[in-house]
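**Q**
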């Protein structure tokens, strides 16, 4: 079948490995006929999980690996020394063209470092970018870059804007996505040296719908679709988003448990509140793609459950179906010809 | 009276000027006998507001100014050309020693630029820093710097940590405040060039309780008392905090208004929820001090009501009473002697 998509699932990565990883992989295979998964990791542990399900065996492979990269391990060293880890073996399969993509819930640093070092960048892409989806009041936005490489240059940010736009439109289905750069004010003359240098380049960049600066205050209301920033700032945004949300929701819940009256009130609002809070939870959108590589790496939360793993596999499917990397390459050539 | 404190209130700055500014000033004067306020702005408008109150007239002065700096005006130009604005005249009063401090809810950029340009820095302080208080799950933290000067150097951040610690301990009453630097991971080797350079300097800095890197995710839970970062990152944190909070609370409120059942539930939880959300609202802590100047500038929200203005005036009182600027100067001398 020509549209067959082969996705590696790093079965040993993340807090819920291998159980939820295997479960998500099986669900994806059951639901989409063209999906083929390759589970990397300890064969006995994976087989024990697989025994819980009925599934098309011809579309689920196991590649035995003897090692596991732990969450707290220093990434560079882990990638270098653990050659037979579920992550490194999985990345190699993508590199060799034996798989189209890999989904991992494991050590973030190792996924980012390994993706770059083993799979390698698309020719012309200066730096890959990690682009998680963050929830907004009325949908979601793509935050690019939240990766491992900080102190970016302006040319990197321009490529992030391009790759992010392509991904947002082709994979997440947002037409003509609005691109904004994170800044400390809406005026063009505001910003740090990097933003000031990047702003005119984005303004001149063909093929993107650049709307100018966005202030952090306006991100949660969904002011733009592709939020461009360098990785340090992106990391702060991503994590603060989680942190403020977590703290506020915990406080709201505590206020509901205060006394009998509030407990009765809580029972009445529970399902409506739950639904609302669910829409502000990013896990429905799958994991974060590492864009700009010769293949796709999707990093999901360390705490991912089967549903997020499954969604991430569909992300990989769309990514291949839509020829995202081909479009990124064409875009680069086009821009080079225009001298951008 | 030796402990008399003279505070300028920029009566024309902010969305609720002059009404709430005048009201807050009168309340402070009524409540604290040693406070003397100087209202700068249009005399007729101020007098019209003052006519609503009974207050000790000998402790409320008006200094007539013919101009007002608008919210959207480019700051540098505004400070340069509007010499008779309520802000510039107020800053001059502090510069000349005719007032100890100024509170303004006006144009943020103009307050920051004007504070530096007119009042001037404490000798030895390389850069002033704006340090708002942000709410946390169990209290509050000081976020330093959120000012107008981006692209800071490591030596600036060290001074921010010192000034922030002094302010947190002496004005906000947090003993031996824990100082953390915003980073993208907890490990010492992580971070961008600035953070990597600053980390060992903070570790070696005497007189502060440095606890290492803090991730943005942990800020809302109150992981440290003084959060050090350069202004671009600080601005992103401050505004995203507001943005996520605002969006989430709006969503929670919408979920409560969904149907009759949730509306009844909402009525039962209302007061408890309100109390909880109030504790996550920074306005009770007054405005943000601009630290490192020869005098105190306190910037309050543009939307400040009388209560925030009043609290900000008490902040100025404590600032003077505790001799904060003297302590900052002593600290600098001490560190210079130690070769820091």
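Protein chains in written order, with the working numbering: chain F, 56 to 395; chain S, 56 to 395. Glycine is no exception: its CB is placed at the ideal position from the N, C-alpha and C atoms. Model, not experiment: these values are computed from the prediction.
(1) Run down chain F in chain order and give the residues with a C-beta less than 7 Å from the C-beta of residue 313(S).
(2) Tell me the rounded alpha-carbon separation between residue 155(F) and residue 263(F).
(3) Identify the contact partners of residue 247(F) in chain S, using a Cβ-Cβ distance below 9 Å as the criterion.
(4) So is the beta-carbon of residue 136(F) under 8 Å away from any non-hydrogen atom of the ligand SAH?
(5) Under 8 Å by Cβ, that's how I've got residue 162(S) and residue 126(S) pegged, so tell me the actual separation to the nearest angstrom.
(6) Determine the chain S residues that contact residue 92(F) at a beta-carbon separation under 9 Å, and present them in chain order.
(7) For residue 120(S), tell me which candidate among 222(S), 93(S) and 351(S) has the shortest Cα-Cα distance.
(8) Given a cut-off of 9 Å on the beta-carbon distance, is the pair residue 185(S) and residue 169(S) in contact?
(9) Counting only beta-carbon atoms, is residue 56(F) nearer than 9 Å to chain S?
(10) Roughly how many whole angstroms lie between the Cα atoms of residue 286(S) and residue 288(F)?
(11) Hey, does residue 388(S) have any beta-carbon neighbour from chain F nearer than 9 Å?
(12) Can you tell me the Cα-Cα spacing of residue 367(S) and residue 295(S), whole angstroms?
(13) Does the CB of residue 217(S) have a neighbour CB from chain F at under 9 Å?
(14) Just checking: is the beta-carbon of residue 354(F) within a distance shorter than 9 Å of some beta-carbon in chain C?
(15) Can you find a CB in chain S that lies within less than 9 Å of the CB of residue 67(F)?
(16) Tell me which residues share the same chain as residue 207(S) and place their Cβ nearer than 6 Å to its Cβ, disregarding the 5 neighbours each side in the sequence.
(17) Considering only residues of the same chain and omitting the five flanking positions on each side of residue 384(S), which have a CB-CB separation below 7 Å?
(18) Out of curiosity, what's the CA-to-CA distance linking residue 267(S) and residue 277(S)?
(19) What is the DSSP secondary structure of residue 179(S), counted as helix, strand or coil?
(20) Distance cutoff 9 Å, beta carbons only. Does residue 275(F) sit that close to anything in chain S?
(21) How about residue 167(F): is its C-beta nearer than 9 Å to some C-beta of chain S?
(22) According to DSSP, is residue 232(F) part of a helix, a strand, or is it coil?
(23) Would you report the Cα separation of residue 313(F) and residue 273(S), rounded to the nearest angstrom?
(24) Kindly say whether residue 330(S), judged by its beta-carbon, lies nearer than 9 Å to any beta-carbon of chain F.
(25) Closest Cβ-Cβ distance between residue 358(F) and chain S: below 9 Å?
(26) For residue 189(F), which option in 231(F), 240(F), 280(F) and 113(F) has the closest C-alpha, if you only look at C-alpha atoms?
(27) By Cβ distance below 6 Å, which residues in the same chain neighbour residue 64(S) in space, the five residues on each side in sequence not counted?
(28) For residue 399(S), which beta-bridge partners are listed by DSSP?
(29) Given a threshold of 16 other Cβ atoms within 10 Å of its Cβ, counted over all protein chains shown, does residue 173(F) qualify as buried or as exposed?
(30) Counting along the chain, where does the alpha helix (DSSP H) carrying residue 65(S) start and finish?
(31) Locate the beta strand (DSSP E) running through residue 207(F), then write down its first and last residues.
(32) What number of angstroms, rounded off, separates the C-alpha of residue 35(F) from the C-alpha of residue 131(F)?
(33) Anything in chain F within Cβ reach of residue 302(S), meaning under 7 Å, just list it in chain order.
(34) To the nearest angstrom, how far is it from the Cα of residue 271(S) to the Cα of residue 102(F)?
(35) Run through DSSP, which three-state label would residue 153(S) get?
(36) What are the uninterrupted segments assigned as beta strand (DSSP E) that are 3 or more residues long and contained completely in the region 94 to 175 of chain F, given in chain order?
**A** Concretely, from the data shown:
(1) For this step, residue 313(S) is matched to residue 258 along the second chain. Chain F residues near residue 313(S): 327.
(2) Stepping through the first chain from its first residue, residue 155(F) is reached at position 100. Stepping through the first chain from its first residue, residue 263(F) is reached at position 208. Roughly 27 Å between the two C-alpha positions.
(3) Here residue 247(F) is taken as the residue at index 192 of the first chain, counted from 1. By Cβ distance, chain S contributes 205, 206, 285, 286 and 287.
(4) Questions concerning the ligand SAH fall outside what the structure shown contains, since it holds no ligand whatsoever.
(5) Taking the first residue of the second chain as 1, we reach residue 162(S) at position 107. Taking the first residue of the second chain as 1, we reach residue 126(S) at position 71. That belief holds up - the Cβ atoms of residue 162(S) and residue 126(S) are roughly 5 Å apart, short of 8 Å.
(6) Working through the first chain from its first residue, we reach residue 92(F) at position 37. Going along chain S, no residue has its Cβ under 9 Å from residue 92(F), so there is no contact; the nearest lies around 31 Å.
(7) In the second chain, counting from the first residue as 1, residue 120(S) sits at position 65. Considering only alpha carbons, the answer is 93(S).
(8) Here residue 185(S) refers to the residue found at position 130 when the second chain is read from its first residue. Here residue 169(S) refers to the residue found at position 114 when the second chain is read from its first residue. Not a contact, by the Cβ cut-off of 9 Å.
(9) For the purposes of this step, residue 56(F) is taken as residue 1 along the first chain, with counting starting at 1. Note that residue 56(F) scores a pLDDT of 45, beneath 50, so its modelled location is shaky and nothing firm can be said.
(10) Reading the second chain from its first residue, position 231 is the one you call residue 286(S). Reading the first chain from its first residue, position 233 is the one you call residue 288(F). About 12 Å.
(11) Against the second chain, residue 388(S) aligns to sequence position 333. Taking Cβ atoms only, chain F never reaches closer than 9 Å to residue 388(S), which makes this a no.
(12) As a first step, residue 367(S) is located in the second chain; it is residue number 312 there, counting from the start. As a first step, residue 295(S) is located in the second chain; it is residue number 240 there, counting from the start. Counting only the Cα atoms, residue 295(S) lies some 23 Å from residue 367(S).
(13) Counting from 1 along the second chain, the entry for residue 217(S) is found at position 162. Chain F has no Cβ within less than 9 Å of the Cβ of residue 217(S).
(14) Absent here is chain C; the protein component of the structure consists of chains F and S.
(15) For the purposes of this step, residue 67(F) is identified with residue 12 of the first chain, where counting begins at 1. Answer no: the Cβ-Cβ gap between residue 67(F) and chain S never drops below 9 Å.
(16) Here residue 207(S) is taken as the residue at index 152 of the second chain, counted from 1. Within the same chain, Cβ atoms closer than 6 Å to the Cβ of residue 207(S) are found at 285, the five residues on either side in sequence being excluded.
(17) To locate residue 384(S), count along the second chain from 1; it is residue 329. Cβ within range, chain order: 177.
(18) As a first step, residue 267(S) must be located in the second chain, where it is residue number 212. As a first step, residue 277(S) must be located in the second chain, where it is residue number 222. Roughly 14 Å separates the two Cα atoms.
(19) On the second chain, residue 179(S) is found 124 positions in, with the first residue counted as 1. In this structure, DSSP gives residue 179(S) a state outside helix and strand, which the three-state scheme calls coil.
(20) Within the first chain, the letter at position 220 stands for residue 275(F). By this cut-off, residue 275(F) is an interface position.
(21) The residue given as residue 167(F) occupies position 112 in the first chain. Taking Cβ atoms only, chain S never reaches closer than 9 Å to residue 167(F), which makes this a no.
(22) Counted from its first residue, the first chain places residue 232(F) at position 177. It is coil, neither helix nor strand.
(23) Here residue 313(F) refers to the residue found at position 258 when the first chain is read from its first residue. Here residue 273(S) refers to the residue found at position 218 when the second chain is read from its first residue. Cα to Cα, the separation comes out at about 25 Å.
(24) Counting from 1 along the second chain, the entry for residue 330(S) is found at position 275. By this cut-off, residue 330(S) is an interface position.
(25) Numbered from its first residue, the first chain carries residue 358(F) at position 303. Not closer than 9 Å to any Cβ of chain S, the Cβ of residue 358(F) fails to qualify, so no.
(26) As a position in the first chain, residue 189(F) is number 134, starting the count at 1. Of the candidates 231(F), 240(F), 280(F) and 113(F), the one whose C-alpha sits nearest the C-alpha of residue 189(F) is 280(F).
(27) Counting from one through the second chain, the residue named residue 64(S) turns up at place 9. So the list reads 76, 80, 92, 94 and 158, once near-sequence residues are dropped.
(28) The question about residue 399(S) has no answer here: the residues shown for chain S are numbered 56 through 395.
(29) Residue 173(F) sits at position 118 when you count from the first residue of the first chain. Result: buried.
(30) The residue labelled residue 65(S) in the question sits at position 10 within the second chain. Taken as a continuous stretch (DSSP letters only), residue 65(S) belongs to no alpha helix (DSSP H), being part of the beta strand (DSSP E) at 60 to 65.
(31) Translated into positions along the first chain, residue 207(F) becomes position 152. Here residue 207(F) belongs to no beta strand (DSSP E), and DSSP marks it neither H nor E.
(32) Here chain F comprises residues numbered 56 to 395, so residue 35(F) is not present and cannot be evaluated.
(33) Here residue 302(S) corresponds to residue number 247 of the second chain, with the count starting at 1. Ordered by position in chain F, the residues that pass the 7 Å Cβ test against residue 302(S) are 192, 275 and 276.
(34) Translated into positions along the second chain, residue 271(S) becomes position 216. Translated into positions along the first chain, residue 102(F) becomes position 47. Cα to Cα, the separation comes out at about 39 Å.
(35) Taking the second chain and counting its residues from 1, one reaches residue 153(S) at position 98. Here residue 153(S) sits in coil by DSSP.
(36) Correct list: 115 to 119 and 156 to 159.
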